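Residue numbers for the sequence shown, in this note's numbering: 288 to 423. Glycine is no exception: its CB is placed at the ideal position from the N, C-alpha and C atoms. Only a predicted model underlies this, so the values are computations on that prediction, with no experimental measurement involved. Heads up, the thing below is written out as structure tokens.
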Amino acid sequence: MTSSEFQLFVYGTLKPGESAFEQFCQPFTTDRQPAIAPGRLYHLPLGYPAMTLGRGWVQGILLTLNDTAALATLDAFEEYDPDTPEASEYQRLCYSIYNLDRTFLTQAWVYTMSRDQIEALGGKWLPDGYWSQAQS
């Protein structure tokens, strides 16, 4: 990876084939691979998912993006403000990402939400850790 590249684990609308990928990720994506991250995945009645950290596995895609400036656009899309993270809908964290056989791959950015916020929004747990707009 070059100094301007970064990695992002996506599990919802930012995944390839989902509604936000083309606008927010496609122009910057240089590599992608299936991956998993420890956590739990929830479908929100708002029409998109949220991930919490913890036990279980969330299925997604590890993206390599070629422009760190894209992070500001992604933060705005995810309603994350690095200056006031406590007031943000999602949190952006650097987190351990694994390949599908659960071997450690790398640390990457991931957007997560607190369990309390998910409960307040009426989130429904997805035990298989997979989300798609086609299924929601």
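For this session: Go to Asp318, then tell me how far its beta strand (DSSP E) extends in each direction, as first and last residue.
Result: Position 31 of the sequence shown, counted from the first residue, corresponds to residue 318. Counting along the chain, the beta strand (DSSP E) containing Asp318 begins and ends at 316 to 330.
Exercise. What are the complete alpha helix (DSSP H) segments, minimum 4 residues, inside the segment 330 to 399?
Worked result: For the segment 330 to 399, whole alpha helix (DSSP H) runs of length 4 or above, ordered along the chain, are 357 to 364.
Exercise. Does the segment 343 to 357 come within contact of the segment 315 to 327, defined as at least 3 CB pairs closer than 8 Å?
Worked result: Enough Cβ pairs lie closer than 8 Å, so yes.
Exercise. Quick one, are the C-beta atoms of Phe293 and Trp396 less than 8 Å apart?
Worked result: Taking the first residue of the sequence shown as 1, we reach residue 293 at position 6. Taking the first residue of the sequence shown as 1, we reach residue 396 at position 109. It is a contact, given that the beta carbons lie within the stated cut-off.
Exercise. Taking the alpha carbon of Thr399 as the point to measure from, which residue in Phe391, Ser383, Cys312 has its own alpha carbon closest?
Worked result: Position 112 of the sequence shown, counted from the start, is the residue given in the question as residue 399. Among Phe391, Ser383, Cys312, the Cα nearest to that of Thr399 is on Ser383.
Exercise. By Cβ distance, which residues of its chain are closer than 6 Å to Ile405, with the 5 residues on each side in sequence left out?
Worked result: In the sequence shown, counting from the first residue as 1, residue 405 sits at position 118. Short of 6 Å from the beta carbon of Ile405, and not among the five residues preceding or following it, lie these beta carbons of its own chain, in chain order: Tyr329, Ala337.
Problem set entry | Beta bridge counterpart(s) of Trp412 as assigned by DSSP | Translated into the one-based positions of the sequence shown, residue 412 becomes position 125. The partner list for Trp412 (beta bridge, DSSP) reads Tyr329.
For this session: Below 6 Å CB to CB, which residues in the same chain sit around Asp318 once its five sequence neighbours on both sides are set aside?
Result: Your numbering for residue 318 matches position 31 in the sequence shown. Around Asp318: Thr351.
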